[in-house]
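The block underneath contains the structure these notes are about, expressed in structure tokens.
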Amino acid sequence: MKMFRPFWSFDILKTEQWLAEMAHSGFFVFGLNRWTRCFHFNKSDDGTQVYRISYDKLKSPILPKTLQIEGWKTAVSTGKWQIIANSQPEQTLRNSPSRDAIVKRNRTIMYIFYGLLFYVAGMLLANISTLISSWLQDDSIAIEESPYWILTFLFLGSALGFTALAVYSICKITKTNRLLEDDPTNEIDDSSEGFSKQDITDLKRSGRWVTKLRLSWMYSPDKLENWLESMELRGFNLHHINNFGTIFHFTKGKPRRIVYRVDCQSNPSASYFSIHRDSGWTSRFTSLSNLEKWTIWSQEYAKEQERPQLYSDDPTRLRKARKLALTYTALFLPFILIYIVNLSNSLNTQNGTGEWLSWGTAIFLLCIGVFGSFLVRIWTYYMRLRKQITA
Numbered sequence: 007m008k009m010f011r012p013f014w015s016f017d018i019l020k021t022e023q024w025l026a027e028m029a030h031s032g033f034f035v036f037g038l039n040r041w042t043r044c045f046h047f048n049k050s051d052d053g054t055q056v057y058r059i060s061y062d063k064l065k066s067p068i069l070p071k072t073l074q075i076e077g078w079k080t081a082v083s084t085g086k087w088q089i090i091a092n093s094q095p096e097q098t099l100r101n102s103p104s105r106d107a108i109v110k111r112n113r114t115i116m117y118i119f120y121g122l123l124f125y126v127a128g129m130l131l132a133n134i135s136t137l138i139s140s141w142l143q144d145d146s147i148a149i150e151e152s153p154y155w156i157l158t159f160l161f162l163g164s165a166l167g168f169t170a171l172a173v174y175s176i177c178k179i180t181k182t183n184r185l186l187e188d189d190p191t192n193e194i195d196d197s198s199e200g201f202s203k204q205d206i207t208d209l210k211r212s213g214r215w216v217t218k219l220r221l222s223w224m225y226s227p228d229k230l231e232n233w234l235e236s237m238e239l240r241g242f243n244l245h246h247i248n249n250f251g252t253i254f255h256f257t258k259g260k261p262r263r264i265v266y267r268v269d270c271q272s273n274p275s276a277s278y279f280s281i282h283r284d285s286g287w288t289s290r291f292t293s294l295s296n297l298e299k300w301t302i303w304s305q306e307y308a309k310e311q312e313r314p315q316l317y318s319d320d321p322t323r324l325r326k327a328r329k330l331a332l333t334y335t336a337l338f339l340p341f342i343l344i345y346i347v348n349l350s351n352s353l354n355t356q357n358g359t360g361e362w363l364s365w366g367t368a369i370f371l372l373c374i375g376v377f378g379s380f381l382v383r384i385w386t387y388y389m390r391l392r393k394q395i396t397a
């Protein structure tokens, strides 16, 4: 018997549970076709099996001794994938194959989906804005029938279908990777301890609760650091930041000397957080983004003490800033070029100032301005940091 599981590699834990349920029903996996996404089963007596799936570019046909001693056996081996099984109770098992390679593979696939999703979204937005602009014009629009309209609808359907597939895959991979990694980014140091809802309400009524909105601060992280430190010196103590990192809540208290550092990591590990916490840093915010994890750290110090440093290695800071600028350039520059081309085509087909001031033109200009400002800000940040380090 064979069964089709198209997204089995995006949710390894669920696939392992499914294989165990199949074994309990008397169907034991013996083969896997990576291209057709089909699992092959043999019918046998009902039994209990624990399965673990591993992925390794240097996979060996022989299991490590630690796994063999515990009773693990290879059930399926195809390409870089390996499915091992054990008939012992799961709670008695202590060793299992590493998940790091699976997490890395999933993350690569997720980045590819993100890139394609942004590209498709940009193309759809460009065409939709052009269509809206045409509808809002005073002149009547003549639609001519053509046998090639079917291609337009096929492209639109394919784009929407791919968008749904990409969103589903990204959500699946994100959830799986967090479970496999035991994601430490949720361990935010809660500064709201000791504050009940009634306390917060009283602070708001007395005017001692201050809320500030800060958008797209990740493109100028040094300015956010300076702003938070200046707020603390003025007696506005940071209480917490919302989950999206856009709303900052403060309480009016005593001036404090606190260093704030904004750090970006592509894949922060548990040791990353524990090392900084052991050094006296407090994590005030960690982003929900799957592409880059932004963390805001803080540490209080006395006037006679030296300012704490999150990173003492200046070349490392500069290299991270340059990598960040290149990443955002690769992300936003294609969109800017697409909108410039569409804007140029739109202006060439319009006559008179009135038509140039259409909704489509405004949307193109807005997108170019927004994405362009992101690139200018991130590269300006890199130049400021380089000047500061080399000064």
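Under my numbering, the residues of the sequence shown are numbered 7 to 397, in order.
No residue lacks a Cβ here, since even glycine has one placed at the ideal position from N, Cα and C.
On a predicted model such as this, the values are computed, not experimentally measured, just so you know.
What residues in its chain sit with their C-beta under 6 Å from that of Trp14, if we drop five residues either side in the sequence? Thr21
Spell out a yes or no on whether the region 57-64 and the region 100-107 are touching, meaning 3 or more CB-CB pairs, one atom from each, closer than 8 Å. yes
Are the region 223-235 and the region 201-208 touching by the rule of at least three beta carbon pairs closer than 8 Å? no
Does the Cβ-Cβ distance between Lys326 and Cys270 come in under 8 Å? yes
Buried or exposed (CB count within 10 angstroms, at least 16 for buried), Thr359: Bear in mind that a pLDDT of 49 at Thr359, under 50, signals an unreliable position, so the model cannot answer this.
What residue does the beta strand (DSSP E) around Met9 start on, and which one ends it? Lys8 to Phe10
Could you name the residues that DSSP lists as bridge partners for Trp287? For Trp287, which the question treats as bridged, DSSP gives no partner whatsoever.
Counting C-beta neighbours from all protein chains within 10 Å, is the total for Trp362 16 or more, i.e. buried, or is it exposed? At Trp362 the pLDDT is 49, less than 50, meaning the model places this residue with poor confidence; the figure from the coordinates comes in the next sentence. That one is exposed.
Measure the C-alpha to C-alpha separation of Phe33 and Ser202 and round it to an integer number of angstroms. 54 Å
Cβ pair count under 8 Å reaching 3, the region 377-389 against the region 333-340: yes
His246 to Arg240, Cα distance in whole Å? 17 Å
Pull up the distance between the alpha-carbon of Met129 and that of Leu343, whole angstroms please. 11 Å
Rank Ile384, Thr217 and Leu349 by C-alpha distance to the C-alpha of Ala368 and give the top, closest one. Leu349
In DSSP terms, what Tyr61 is bridged to: Trp87
Residues that DSSP places opposite Val265 in a beta bridge: Gln305
Taking Trp215 as part of the beta strand (DSSP E), name the residues at either end of that continuous run. Trp215 to Leu219
Let me know the secondary structure DSSP gives Gln55 once reduced to three states. coil
Local conformation of Phe13 per DSSP, three classes: coil
Suppose the cutoff is 6 Å on Cβ atoms and the five residues either side in sequence are ignored; what does the same chain contact list for Lys4 look like? Outside the displayed span of the chain (7 to 397) sits residue 4, for which this structure offers no information.
Exposed or buried, what is Glu310 when buried is set at 16 or more other beta-carbons lying within 10 Å of its beta-carbon? exposed
Pull up the CB-CB distance for Ile115 and Ile179, whole angstroms please, since I reckon it's below 8 Å. 7 Å
Please report the distance separating the alpha-carbon of Val126 from that of Pro274. 29 Å
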